[in-house]
Amino acid sequence: MIRFDGVSKRYPGGQQALKNVNFELKKGEFTFLTGHSGAGKSTLLKLILGLEKPNSGIISVAGHNIVQLSAEKTAIRRRIIGAVFQDHQLLPDRNVFDNVALPLEINGFSEKELKNRVRAALDKVGLLRDEKAMPSWLSGGQQQRIGIARAIVNSPSIILADEPTGNLDDTLSNEIMTLFTQFKSLGVCVLVASHSKSLINQFSQRTLTLKEGSLIADVSGK
Amino acid sequence: MQAQKIKKGTGLQKHLRDARRSINQFRKTPFFSLITVLIVMLTLVFPSLSVTAVLSLKSLVDLFSDEIELIAYVNTELSDEDALGISERLQTNKNISTAELTTRDAALREFSTTPGLGEIALQLPNNPLPASITVTPAIKTAEIIEQLTIELKNTPGIQTVDSDLLWSDRVKSWYQALQIFSFIVSVLSLAALAAILGFMAYTEVNKRREELQIIHVIGGNVFDMMRPLLYKGFFLGFAAGALAYILHIYILHLIASQITVFYELYELTPILFDATALHLRSANPAILIITATFLSWATSFIGAFVFIRRVIRN
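In order, the protein sequence lines correspond to chains A and B.
For the first sequence, our numbering begins at 1 and goes up steadily by one.
For the second sequence, our numbering begins at 223 and goes up steadily by one.
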């Protein structure tokens, strides 16, 4: 589903973010991406999303080399990816329903299908009752679950999560990680960037470790 | 949840949703929206009124041109029969509509009614006045009149030609000055309008920066981000154009009686006012509204395209 072949990325300022990274993630595989701050985790996720272009190497997402795609085609390819961010990235002036509906609006779903899908996604993350609430009325954990609902509402083939439990307590973190592991059984390829060793050990899944831009370990889960 | 293939979706749903959202945005910020519409409306009214003034003055210029006559004075040594012969020959000229002879005696009778000088003229032993031929040009363009004046001057038996073009020239000068003024006002107003709408697009993009970045990350392209702005520009232009038309009519209604009095001085009232009213009824509303809508939409398009690309690059 995702394949990196000799991918390197250097930012215009001269900082080497990734060095000759190679790995492959299969359909229905759950993988942790770990490493210290500045190791290159966020850059790797941005490259998969097509928000950054590598200086060298091939990035294949769902069978397409996204390095060679135009900005327009990259945006369309991005629609098969559900992205979850540490800071949630919710729109403060739209309620929970409208935030979750955003990817479906971009895809041009009909009102009826949009409502069904949004409610199904909210139900999955346990927020159906709060669909009319504004994000600021909800707790950090609930806001993160809105972000997850938005990521899964479009039935993505890939879910990318950048430190999704960064601001949450242990109980909420476990809840959210459990939710992610459920998608694995649905054939979704899930890549979660996290620096929490305890969380990674607890869920014992395949783990890619980055250090100063290099992939130094690729450990299979139990 | 079942992983799905990419669905591009129907464009119509996106358009309907964004159009509705744009209208809702106007409702959410009624004061700001109203001020913006009023500013755009006022910017449109100046060129629209100046164009109407030019059109109205053109009908006045045309009417003055209709009054143009050339007076050819016949050599005093020629008889009335000779003068009539010249007049009849002139009548055959394709550039001449009518050629009317005033004999020397008729001229003296007319002149004798002039207080003071008329009585003196009657006491002279010989009639000092020449016969004259009043020539109405068939085509009243400056070139034809000039050409006709030269032709008349070169006609045997014609001593001199008098063309009373002073009033016509004055009105034409005013008309040309107003035309230039109208053009400058229109260009400046439209430039100001483009600047206002461009700045609005910039402000709107900055206000929606966070939203645009999120849309970008979840697969929206530039046009998905631009669409709400384009609808906003479209509705704003349409509303401003419609209001500008109403204000335009109202201002003309306020000054209509003064215009009528002015044109009555030249016995031109019905033609001019009808012509003005005709412009108002037919061309202006469509032109104003279409211009305003297109300009607002186009400026929003350019502004949104430039500023959104900057936002997503960062």
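C-beta atoms are modelled at their ideal positions from N, C-alpha and C, and glycine is treated no differently.
Beta-carbon proximity check, residue i vs residue j, cutoff 8 Å
i, j, result
"T259/B", "L476/B", "It should be pointed out that residue 259/B corresponds to Val in this sequence rather than to Thr. No, these two residues do not count as a Cβ contact at 8 Å."
"L323/B", "L306/B", "yes"
"N55/A", "R10/A", "yes"
"P103/A", "G233/B", "no"
"V21/A", "L160/A", "no"
"S272/B", "F403/B", "yes"
"S522/B", "L451/B", "yes"
"G40/A", "F85/A", "no"
"T31/A", "L179/A", "no"
"T320/B", "T358/B", "yes"
"I2/A", "L25/A", "yes"
"N65/A", "I58/A", "yes"
"M267/B", "L469/B", "Reading off the sequence shown, one finds Val at residue 267/B, where the question assumed Met. Result yes, Cβ atoms of V267/B and L469/B sit closer than 8 Å."
"V407/B", "I530/B", "no"
"Q144/A", "L127/A", "no"
"A423/B", "A508/B", "no"
"F97/A", "D218/A", "no"
"D162/A", "A193/A", "yes"
"F456/B", "I511/B", "no"
"R79/A", "N154/A", "yes"
"M263/B", "A466/B", "yes"
"A462/B", "A514/B", "yes"
"Y397/B", "K280/B", "yes"
Integer-rounded CB distance, given that residue j should sit under 8 Å from residue i
i, j, result
"V409/B", "P352/B", "Wrong, their Cβ atoms sit about 52 Å apart, outside the cutoff."
"S196/A", "T165/A", "7 Å"
"I481/B", "S390/B", "Rounded, the Cβ-Cβ distance is 20 Å, inconsistent with contact."
"I81/A", "P156/A", "6 Å"
"S354/B", "T371/B", "Contact doesn't hold; Cβ gap of about 15 Å is too wide."
"K184/A", "G28/A", "6 Å"
"L122/A", "A149/A", "5 Å"
"R326/B", "D302/B", "7 Å"
"T74/A", "G50/A", "4 Å"
"L114/A", "A101/A", "6 Å"
"A17/A", "A83/A", "That pair is no contact at about 18 Å."
"I380/B", "I473/B", "That belief does not hold up - the Cβ atoms of I380/B and I473/B are roughly 50 Å apart, past 8 Å."
Test: residue i CB closer than 8 Å to a CB of chain A
i, result
"L433/B", "One point to set straight first is that residue 433/B is Glu, not Leu, in the sequence displayed. For E433/B, the answer is yes, since a Cβ of chain A falls inside 8 Å of its Cβ."
"V439/B", "yes"
"R535/B", "no"
"I481/B", "no"
"R249/B", "no"
"R242/B", "no"
"N443/B", "yes"
"R239/B", "yes"
"Q235/B", "yes"
"D284/B", "no"
"I530/B", "no"
"I418/B", "no"
"W519/B", "no"
"I245/B", "no"
"I402/B", "no"
"I509/B", "no"
According to DSSP, residues forming a beta bridge with residue i
i, result
"E24/A", "R3/A"
"Q16/A", "R10/A"
"I318/B", "P359/B"
"T209/A", "T34/A, A217/A"
"L114/A", "For L114/A, which the question treats as bridged, DSSP gives no partner whatsoever."
"I293/B", "T356/B, D384/B"
"D162/A", "F85/A, A193/A"
"T324/B", "S354/B"
Contact with chain B by residue i, beta-carbon distance below 8 Å
i, result
"F109/A", "yes"
"A83/A", "yes"
"I106/A", "yes"
"A75/A", "yes"
"L91/A", "yes"
"R78/A", "yes"
"E72/A", "yes"
"L191/A", "no"
"G14/A", "no"
"R10/A", "no"
"L33/A", "no"
"L45/A", "no"
"L49/A", "yes"
Test: residue i CB closer than 8 Å to a CB of chain C
i, result
"P103/A", "Any reference to chain C falls outside this structure, whose protein chains are A and B."
**Q.** Contiguous alpha helix (DSSP H) assignments of at least 4 residues, all confined to the stretch 228-281 of chain B
**A.** 233-250
**Q.** Sequence ranges, beta strand (DSSP E) only - wholly within the stretch 393-479 of chain B, length at least 3
**A.** Listed in chain order, nothing qualifies, since the stretch 393-479 of chain B has no complete beta strand (DSSP E) run of 3 or more residues.
(Q) In chain order, what are the residue ranges of uninterrupted beta strand (DSSP E) at least 3 long that sit wholly in the stretch 57-102 of chain A? (A) 81-85
Q. At what residue ranges does the stretch 120-147 of chain A contain a whole run of the alpha helix (DSSP H), taking only runs of 4 or more?
A. none
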